[in-house]
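Report on the structure given below.
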Amino acid sequence: MVSGSLPAILGGLPAVPRGMVKPWPEIREEDKKAVLGVLDRGILWGGNGPEVKALEEEWCRYVGSKHCLVTNSGTAALHMAVAAAGVKPGDEVIAASLSWTSSATCILHHNAIPVFVDVRSDTLCINEDEIEEKVSDRTKAIIPVHYAGLPCDMDKVMDVAERHDLKVIEDCCQAHGATYKGKMVGTIGDIGCFSLNGSKNLSGGEGGLLVTDDDDSYREAARVWQFGENRREDGSREYNAYGMGWMYRTTEMTAAFARSQLRRLDWITERIRENCHYLSDNLRGIKGLRVPVEPPERKHVFWVYKVLFYPEELGLKVPPKLFRDKVEAALRAEGVETGRAEFIIPDMTLFHQKEGYGRGCPWSCHLYGKKIEYRAEDYPGAMEALARNTGIAGTKPPNGRELMERYVEAFQKIFDNVDEVVSAQSMTSMG
Ligand SMILES: Cc1ncc(COP(=O)(O)O)c(C=O)c1O
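Residues in the sequence shown are numbered from 6 upward in steps of one, following the numbering used here.
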């Protein structure tokens, strides 16, 4: 280990040589063959195309669910889920304050009103203990997000849901294969939604999956999925719209690619977990840095490896966000890819302006008739999490131990020289 050597941002050599981080997803010959097979077959689309149907069956088997719909995004799956959960215009749905935009905009898409709950600043999941105080006589559903791949405390979520007769839509867009008390996420609540976006542990390029055991929810979700039609299992179509529908189907190429990746999802998950556990085992002792938590009976699948920065533990009087930005810059100089893809959702312009579809809809809808204000300061856990975290990329295969050792070296160099790293960049930015 080269601790004691100079961080790259101070003129030392980067810990990670250029080109060493391999991109995700790993595309193998079998993946190419799967997609080319679709082109050879010549069936490129269709709600009941052979690849789509096979992916539905395989995903049902994988997670242990009765029904699955393959969609063109996780966002589409979430919108379908909100409709299928029986949410109506003017209803409220509880959402996590820190997540990807569509974890909450899926509610607006169905003319309902998101009511946000703070997140825990350690797990970054919705604060399960604060859900109940946001339940009103309008609340119809809760959307817990299994954040970065860590399952929420689902016993607590389900307990509130059962006592208030609420549906639970699990946003599993970052958590393929994660388990809570041995059960796959997406099958604990009423409906589960996954993303097949190219960055995800199960990639289809773009796409999504909705699962449910409930026949009625499946029928309603399928209407939203395909032009409002009733889905027939033999693939025939009546072309009659029974309800409001969009076009959320995906292509056969996406399904074929995702099926090929799914064949090795268990292997992928284990490689990611090995890499991330190696990082945690070796970074845990560094003062000022906290590694991701993985509470007992919750299997984390680390879509992103999130670390949190606590400069106060080092006696540094630097605001956490500034400290985080400086360490991020130093990590990037070492060749460690960092970043974040999240926001405090109620702090987005959309929620401040509440213009929605125009004329303030859905907030102005007479079926709602309540006033709701969104303020970032109402979500101190989310503010703290946003300011203190960064995501470390490159933890998915084929990246392995050799790269993780370089990552550890990068962190050690930076934290061994943390005063200089913080002040050197201050001087640079002042100059
Ligand atoms: C938590 C969460 N929910 C929903 C989505 C939306 O998925 P998609 O990009 O497939 O629409 C994402 C995508 O990153 C996500 O991370």
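We treat Cβ as the ideally placed atom computed from N, Cα and C, and that holds for glycine.
Non-local beta-carbon contacts of residue 137 in its own chain, meaning distances under 6 Å to residues more than five positions away in sequence, involve 165 in chain order. Excluding its 5 nearest sequence neighbours in each direction, residue 259 has C-beta neighbours in its own chain below 6 Å: 209, 210, 212, listed in chain order. The three-state reading of DSSP puts residue 232 in coil, since its state is none of H, G, I, E or B. Relative to the non-hydrogen atoms of ligand 1, the Cβ of residue 344 never comes closer than 6 Å to any of them. Pairing residue 37 with residue 10, the inter-Cα distance amounts to about 43 Å.
Judged by DSSP in its simplified three-state form, residue 238 adopts coil rather than helix or strand. Contact check between the region 320-338 and the region 407-423: three or more CB pairs, one atom from each, fall below 8 Å, which counts as touching.
Between the beta-carbon of residue 148 and that of residue 193 there is about 13 Å, and that puts the pair past the 8 Å contact cut. The DSSP-derived three-state label of residue 61 is helix. For residue 80, the distance from the CB to the nearest heavy atom of ligand 1 is below 6 Å.
Taking 7 Å as the cut-off, the Cβ atoms of residue 102 and residue 384 count as close. Straight through space, the alpha carbons of residue 386 and residue 18 are spaced by roughly 37 Å. In this structure, ligand 1 has a non-hydrogen atom nearer than 6 Å to the beta-carbon of residue 150.
Taking a cut-off of 8 Å for Cβ pairs, the region 162-181 and the region 124-142 touch, as three or more such pairs fall below it. Look at residue 191: its beta carbon is at least 6 Å from all of the heavy atoms in ligand 1. Per the C-alpha coordinates, the member of 67, 400, 310 positioned closest to residue 25 is 400.
For residue 200, DSSP records a beta bridge to 213. The C-alpha of residue 312 lies about 6 Å from the C-alpha of residue 295. Nearest to residue 198 by alpha-carbon distance, out of 181, 206, 188, is 181. Burial state of residue 304 is buried, judged by a 10 Å Cβ sphere holding 16 or more other Cβ atoms. One thing to note: residue 117 has its Cβ within 7 Å of the Cβ of residue 92. In this structure, the C-beta of residue 104 approaches ligand 1 to less than 6 Å from one of its heavy atoms. Residue burial annotation: residue 52 is buried, with at least 16 other C-beta atoms found within 10 angstroms of its C-beta. DSSP places residue 384 in the coil class of the three-state scheme, outside both helix and strand. Judged by DSSP secondary structure, residue 111 falls within the alpha helix (DSSP H) whose first and last residues are 107-113. In the structure shown, residue 10 adopts coil according to DSSP, grouped into three states. Rounded to whole angstroms, the gap between the alpha carbons of residue 131 and residue 45 is 46 Å. In this structure, residue 201 places its C-beta atom within 7 Å of the C-beta atom of residue 263.
Residue state for residue 276 is assigned as helix, using DSSP reduced to three classes.
For residue 310, the enclosing beta strand (DSSP E) covers residues 310-314.
In the three-state reduction of the DSSP assignment, residue 326 falls in the helix class, which pools H, G and I. Not one heavy atom of ligand 1 lies closer than 6 Å to the C-beta of residue 209.
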